[in-house]
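Peer 1: Residue numbers (my numbering): 9 to 101.
Beta carbons: idealized from backbone N, C-alpha and C, even for Gly.
Treat the numbers as computed from the prediction; the structure is a model and nothing was measured.
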């Protein structure tokens with residue numbers, strides 16, 4: 009089962025600069041385990057205490073995983089997973 013994972017610029021140091029990698033898994037949790045096996049250290053940037061980090065947004069086919077099961081969200085062959093770190097800040101008023 010091949011799933012495309014889009015990697016944000018800030019995490020590409022774990023994927024040798026690749027903006028997209030292929031991973032496997034039937035849930036988001038198993039996909040992250042597979043990613044960690046191929047790109048050591050990336051899971052630590054996505055997970056905190058067994059859950060997604062608060063400021064990391066993950067989408068499966070444009071659906072926010074927090075609304076479709078979190079780490080237990082199901083995956084199918086051909087799905088696309090997008091990882092987007094939340095951006096904060098801006099110019100002071």
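Does DSSP classify residue 76 as helix, strand or coil?
Peer 2: coil
Peer 1: Give, in chain order, every unbroken run of the beta strand (DSSP E) that is at least 3 residues long and sits entirely within the segment 24-63.
Peer 2: Complete beta strand (DSSP E) runs here, min 3: 28-31.
Peer 1: Considering only the beta carbon of each residue, do residue 29 and residue 66 sit closer than 7 Å?
Peer 2: No, the Cβ-Cβ distance between residue 29 and residue 66 is not below 7 Å.
Peer 1: Who does residue 65 pair with in a DSSP beta bridge?
Peer 2: 92
Peer 1: Is the beta carbon of residue 83 less than 7 Å from the beta carbon of residue 33?
Peer 2: yes
Peer 1: Between the Cα of residue 95 and the Cα atoms of 62, 55 and 56, which residue gives the shortest distance?
Peer 2: 62
Peer 1: Taking the straight line between their C-alpha atoms, what separation do you get for residue 2 and residue 50?
Peer 2: Lying before the first or after the last residue shown, residue 2 is absent from the chain, which here runs from 9 to 101.
Peer 1: Identify the residues that DSSP records as bridge partners of residue 82: which are they?
Peer 2: 35
Peer 1: Going by alpha carbons, who is nearest to residue 55 out of 12, 93 and 14?
Peer 2: 93
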